[in-house]
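Our numbering numbers the first residue of the sequence shown as 397 and each following residue consecutively.
From the three backbone atoms N, C-alpha and C, an ideal C-beta is built for every residue, glycine too.
A short write-up of the structure that comes next.
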Amino acid sequence: MPLVPRWVLFSSGCAPVLLIGGWTIAASLEGPAYDPATQTISVLAAYGAAGSWVMTAALLALGACHLLTAWGLRAAATAGRVALAGGGVAALVVALLPAPSSGGSLRHGSVAAVGFALLALWPLLATGDGAAPWALRPAASAVATALMVVGAVWFLVEMHRQGVAGVAERVVTALQSLWPFVVVISCLRHVGDDGRPAVQAD
């Protein structure tokens, strides 16, 4: 059975905490002028935003967490690990290419879209067989990818209609940051044919 080092629990568990904590603190620094229901996370990291340093640091840390998790998650298929790592790189680049204080940015938007796509597809690409940990089995992976795709579509719809884009973006990014942790938990709790957990202690 594939071995999963326990330290991956830390890298994957920190990802959602850092992301959600980052946008919460950055929004509080921005004050009442910022509306988290209708405005995106990118606004918090934009040039001149009061909490831009917090949101930028959170995105950099998120990217690093995804890279570490992809490296250590040996139970997942290689294609899925590469996609997760690619999502981590996209988070790093998004942090280094913040949106302008007003208007959009093609570079920022393009990198963010690539990151969304990679993080939505990685569960499906990481799928194992029926003996794999439950979160890496075809059904669970397909549901995770489907939810992320639906969330991304919802976000695009809300952006187009100038609705609750902030809510939609937070839902889908929170799900994308949380799923690696769910996969790691399932791997650590998985019992192989010999009756022992498929875990490596280092």
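By the 10 Å Cβ neighbour count, where 16 or more other Cβ atoms means buried, how is residue i classified, buried or exposed?
i, result
"Arg402", "exposed"
"Arg566", "buried"
"Ala548", "buried"
"Ala597", "Here Ala597 scores only 40 on pLDDT, less than 50, and its place in the model is too uncertain to base an answer on."
"Asp589", "With a pLDDT of only 42 at Asp589, under 50, the local geometry of the prediction cannot be trusted, and the value read off the model is given with reservation. So Asp589 ends up on the exposed side."
"Gly427", "exposed"
"Trp449", "exposed"
"Ser424", "exposed"
"Ala540", "buried"
"Ala442", "buried"
"Pro432", "buried"
"Ala535", "exposed"
"Gln558", "exposed"
"Pro377", "No statement about residue 377 is possible, as the shown extent of the chain runs from 397 to 598 and does not include it."
"Ala479", "buried"
"Val507", "buried"
"Val568", "buried"
"Val490", "buried"
For residue i versus residue j, is the C-beta distance shorter than 9 Å?
i, j, result
"Leu469", "Val413", "no"
"Ala392", "Gly511", "Outside the displayed span of the chain (397 to 598) sits residue 392, for which this structure offers no information."
"His434", "Ala561", "It is worth fixing the name first, because residue 434 is Thr in this sequence and not His. Their beta carbons are under 9 Å apart, which means Thr434 touches Ala561 by this criterion."
"Leu455", "Leu415", "yes"
"Val579", "Ala513", "no"
Between the Cα of residue i and the Cα atoms of the options, which residue gives the shortest distance?
i, options, result
"Gly482", "Leu521, Ser501 and Ala471", "Leu521"
"Ala527", "His586, Gly562 and Phe512", "His586"
"Cys583", "Ala516, His556, Thr523 and Ala460", "Thr523"
"Ala453", "Gly418, Gly427, Val579 and Gly444", "Gly418"
"Ser438", "Ala509, Gln572 and Ala466", "Ala509"
"Ser407", "Ala513, Leu492 and Thr465", "Thr465"
"Ala445", "Tyr430, Ala457, Gly459 and Leu458", "Tyr430"
"Met555", "Thr436, Leu493, Pro576 and Thr569", "Thr436"
"Leu492", "Ile581, Leu514 and Leu458", "Leu458"
"Ile421", "Ser501, Leu440 and Val546", "Leu440"
"Cys410", "Val400, Met451, His462 and Val563", "His462"
"Ala564", "Val507, Val546 and Val490", "Val546"
"Ala609", "Gly505, Met451 and Ser537", "The question about residue 609 has no answer, for the chain in this structure spans 397 to 598."
"Leu574", "Val485, Val507 and Ala516", "Ala516"
"Ala531", "Pro576, Val400 and Gly484", "Pro576"
"Trp467", "Gln572, Val489, Val400 and Phe551", "Val400"
"Trp518", "Pro529, Gly505 and Ala542", "Ala542"
"Leu460", "Gly447, Val485, Gln572 and Arg477", "Rather than Leu, the amino acid found at residue 460 in this sequence is Ala. The residue with the shortest Cα to Cα distance from Ala460 is Val485."
What residues match up with residue i in a beta bridge as DSSP calls it?
i, result
"Val404", "BP columns for Val404 are empty, so no partner."
- Every unbroken alpha helix (DSSP H) within the segment 503 to 571, with a cutoff of 4 residues, ordered by chain: 534 to 557
- Give, in chain order, every unbroken run of the alpha helix (DSSP H) that is at least 4 residues long and sits entirely within the segment 405 to 484. 437 to 441 and 448 to 468
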